[in-house]
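For this note's numbering, count along the sequence shown from 1 and bump the result up by 346.
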Amino acid sequence: MSAVAILPVGDEGDGPYAVAATEDGAVWFTLVHGGRVGRRDADGSLSYLALGAGSQPSGIAAATESTVWVTDTTGDRLMLLGPGPRILAEAATPTKGAQPFGVVAPGDGTAWFTELGGNALGRVGILGAVDEFPVAPADAMVSMIASTGDSLWFTMNAVDALGHVRGGDAAIAVTELPAGSGPVGIAVAEDGAVWAALIRSDSLARVAKDGSVRIVGLAVGAKPHAVASDPTDDSGGVWVSVWGANALAHVSAEGQVRLHPLPDDVAEPHGLTVAPDGTVWTALESGALASLSPRER
């Protein structure tokens with residue numbers, strides 16, 4: 347069994363959900379039920395930012411070497427946070443009830459996000475203006491989002507498909523997945539392939555650069571949730587939070603799966619990220635962060 351380190355965070359019931367690592371050595375996480383965002387500094391110290399009554403911080407993504415974007419799903423806003431933590435900028439969605447959820451920062455100063463309520467993609471421009479781009483069909487349930495830098499990929503959970511946008515406002519191309527898949531998490535590996543977690547079919551989908559799709563099966567009841575690319579793995583491997591099996595998994599580009607079980611006293615691995623140093627971090631909704639260092643993998 348791999349040596350997984352557990353770091354309790356937040357208060358009971360806060361629900362650690364999404365996690366992101368920045369180049370300054372910090373690890374950021376959302377407390378979706380507690381209305382707060384937490385930051386673990388490189389020295390191990392913890393600090394928190396309360397976002398106000400009724401807020402629901404959900405998605406989080408590294409923006410610069412020390413800042414992150416966070417979606418407030420019930421507050422219909424996105425926030426750029428810096429060390430402190432403190433709010434550096436806010437952007438409200440034009441549509442009331444848009445419910446921003448997944449978020450990604452392509453590296454050009456913008457942020458792209460999904461809207462659960464608006465069934466759309468959104469973009470926060472460099473100057474803070476927000477644009478929305480509807481996604482068809484209207485019941486697609488646009489969920490998580492990833493970027494290659496010059497294009498976007500996102501999951502459409504309710505219609506078993508992935509969406510792909512080349513360039514800022516180009517037409518959306520759709521990649522269909524097997525019926526009953528339920529795609530949730532998504533990531534672009536170092537080799538350019540796109541991976542999605544298919545939570546309802548206990549499997550993963552890998553979309554190669556030529557558009558071909560390969561399904562990688564997991565154990566019955568695995569319920570994969572999040573996928574993260576590994577910046578230290580040029581061969582194209584990814585990491586997956588396996589919610590139903592209470593484990594992390596490394597999956598090679600060829601589809602070989604290696605499980606890393608989590609301790610029995612923690613549960614519900616959701617958000618996932620791989621830090622620049624190769625450490626794998628996951629948010630456990632039971633109330634902690636778990637980390638797996640490169641030497642333990």
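Even glycine gets a Cβ: it sits at the ideal position worked out from N, Cα and C.
- For R641, the secondary structure class from DSSP, reduced to helix, strand or coil, is helix.
- Going by beta carbons, D422 and A388 fall outside the 8 Å limit.
- The three-state reading of DSSP puts V355 in coil, since its state is none of H, G, I, E or B.
- Per DSSP, the continuous beta strand (DSSP E) segment holding W627 begins and ends at V626 to L630.
- Counting along the chain, M490 sits inside the beta strand (DSSP E) bounded by residues V488 to S493.
- By DSSP's assignment, A435 forms a beta bridge with L426.
- V573 carries a strand assignment under DSSP once its states are collapsed to helix, strand and coil.
- Excluding the 5 residues flanking it on each side, G590 has same chain C-beta neighbours closer than 7 Å at G567, A568 and K569, in chain order.
- By alpha-carbon distance to Y363, the top candidate from A475, P529 and L635 is L635.
- DSSP places S587 in the uninterrupted beta strand (DSSP E) bounded by V584 to V588.
- DSSP, read as helix, strand or coil, puts A504 in helix.
- Within 10 angstroms of the beta-carbon of G448 lie 16 or more other beta-carbons, which makes it buried.
- Around the beta carbon of A349, fewer than 16 other beta carbons sit within 10 angstroms, so the residue counts as exposed.
- Under the three-state reduction of DSSP output, R546 falls in the coil class, being neither helix nor strand.
- Contact between G398 and G381 holds, since their C-beta atoms are separated by about 7 Å, short of 8 Å.
- In the displayed model, P607 falls within a strand according to three-state DSSP.
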